[in-house]
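Participant: In my numbering, the protein residues as written are 281 to 496.
C-beta: ideal position from N, C-alpha, C; glycine also.
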Ligand SMILES: [Ca+2]
Ligand SMILES: [Ca+2]
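Here you go:
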């Protein structure tokens with residue numbers, strides 16, 4: 281199977297196992313979505329059916345992946361269809377120093393966000409998740425605006441209740457724009473901590489800022 285980082289062990293299946301055809305949708309942020317529109321694209325670990333096949337490479341996936349039988353590639357752990365390039369490659373080098381909130385590569389080590397926190401100067405390095413933890417009261421609405429330049433790298437965002445089975449539970453909210461910023465909105469039915477993931481699609485990297493609001 282493919283995967284990405286350590287998290288993929290946990291997240292490996294959450295993901296668009298249904299597959300979204302690789303090109304990805306350009307849906308607006310979902311609130312309580314859960315993949316009803318054909319599957320999450322939270323992968324990097326699922327085949328990308330839009331990849332092209334390289335001549336001379338029987339399955340077009342290179343030595344670190346294999347044909348998924350649907351025109352895409354299943355990449356080995358640590359390899360990705362970067363930029364939908366049709367071959368499984370290791371993640372590229374990070375284009376800059378990671379941010380001051382690292383290490384936050386797992387939910388358990390995620391940065392605790394306070395109300396009205398404005399966080400700037402953040403960075404998703406290739407295949408390096410950024411996790412955040414936020415506590416909500418029952419009925420309280422979380423808004424997370426994640427702002428970046430989409431053309432520089434495709435980031436997505438996901439929210440689960442703390443303790444969720446990340447390999448099996450759909451997120452309670454997610455945002456998977458391809459050409460726009462990401463925005464998570466979620467009203468907590470019960471009080472508790474929530475885990476938010478900012479994720480680089482197919483080992484994408486980018487810098488971003490984030491504004492967290494809780495209402496009331
Ligand atoms: Ca980071
Ligand atoms: Ca990180």
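Looking only at its own chain, which residues have a Cβ that is under 8 angstroms from the Cβ of residue 372, when we skip the five neighbours before and after it?
Facilitator: 362, 406, 483 and 485
Participant: At the level of alpha carbons, what is the spacing between residue 408 and residue 356?
Facilitator: 17 angstroms
Participant: Please report the distance separating the alpha-carbon of residue 433 from that of residue 418.
Facilitator: 35 angstroms
Participant: State the DSSP-derived secondary structure class of residue 367, mapped to helix, strand or coil.
Facilitator: coil
Participant: Do residue 478 and residue 410 count as a contact pair if the criterion is CB distance below 8 angstroms?
Facilitator: yes
Participant: According to DSSP, is residue 481 part of a helix, a strand, or is it coil?
Facilitator: Residue 481: helix per DSSP, three-state reduction.
Participant: Check for me: the beta strand (DSSP E) holding residue 413 runs from which residue to which?
Facilitator: 410 to 416
Participant: With a threshold of 8 angstroms on Cβ separation, who are the neighbours of residue 435 within its own chain once the five nearest residues in sequence on each side are excluded?
Facilitator: 404, 426, 428, 462, 478, 479, 480, 481, 484, 486 and 488
Participant: On the premise that residue 413 lies in contact with residue 473, defined as a C-beta separation below 8 angstroms, what is that separation, rounded to the nearest angstrom?
Facilitator: Contact flag correct, Cβ pair sits at about 6 angstroms.
Participant: Determine, for residue 359, whether the minimum Cβ-Cβ distance to residues of chain D falls below 8 angstroms.
Facilitator: Included in the structure is just one protein chain, with no chain D present.
Participant: Excluding five sequence neighbours on each side, which residues of the same chain lie with their C-beta closer than 6 angstroms to the C-beta of residue 464?
Facilitator: 424, 437, 439, 453 and 455
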